[in-house]
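The sequence shown: position 32 = 32 (full-length UniProt numbering), numbered continuously. All residues carry an ideal CB built from backbone N, CA and C; glycine is no exception. First up is the structure itself, then whatever we jot down about it.
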Amino acid sequence: MTPRRSKRRARTSTSNVGLHLEATSENIASHMVGNRGKKTSGDKRWDGVDETLNSASKDYKKNTSQKFRSMDNSCYSIATGDVAANKALDGIKRTLEQAKKELHGKIKEIHAISDINNKRYSCESCGPAAQAELAAAMSAR
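Structure below.
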């Protein structure tokens, strides 16, 4: 006679391994819950487990909610700070652009005056015209 395969071995074939493991883990979990619920007088394994789990869960929830609240507040303050900083930077940018335009205007004016001066001193025939041009530029200023 050949030995028979047990049903247990047949259930754990490669196609059913996942289902078997899932069922086994559910059995273990229900067995643990069952044992924890019974709490025989001599069995001290489960004493304090529920209380420890509950307090740890409460502490975790409390700490994470506080962390998220503080993160949310800091993100809000960073965001509003960014808005204020951007407004300030925009103001500074506008001021700098205005100063740049004014500076370019002054530089053009200086170049024009220096060109006129160069003409005035470069040749005698251009001198009187350059002086009139210079006087016009200075009065327009």
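Neighbourhood of residue i by C-beta distance below 7 angstroms, restricted to the same chain and skipping five residues each side
i    : result
S114 : none
S57  : none
Alpha carbon of residue i to alpha carbon of residue j, nearest angstrom
i    : j    : result
E102 : K62  : 59 angstroms
A99  : K93  : 10 angstroms
L84  : A135 : Strictly speaking, residue 84 in this sequence is Ala, with Leu absent from that position. Distance between the alpha carbons of A84 and A135: 48 angstroms.
L96  : K108 : 18 angstroms
S55  : D90  : 52 angstroms
A112 : H104 : 12 angstroms
I110 : N86  : 35 angstroms
Q131 : A88  : 46 angstroms
CA nearest to the CA of residue i, picked from the options
i    : options        : result
K106 : A88, N86, A137 : A137
Any C-beta of chain C under 9 angstroms from that of residue i
i   : result
N86 : Absence of chain C from the displayed structure is noted, only one protein chain being present.
Beta-carbon proximity list for residue i, same chain, < 6 angstroms, skipping 5 on both sides
i   : result
Y60 : none
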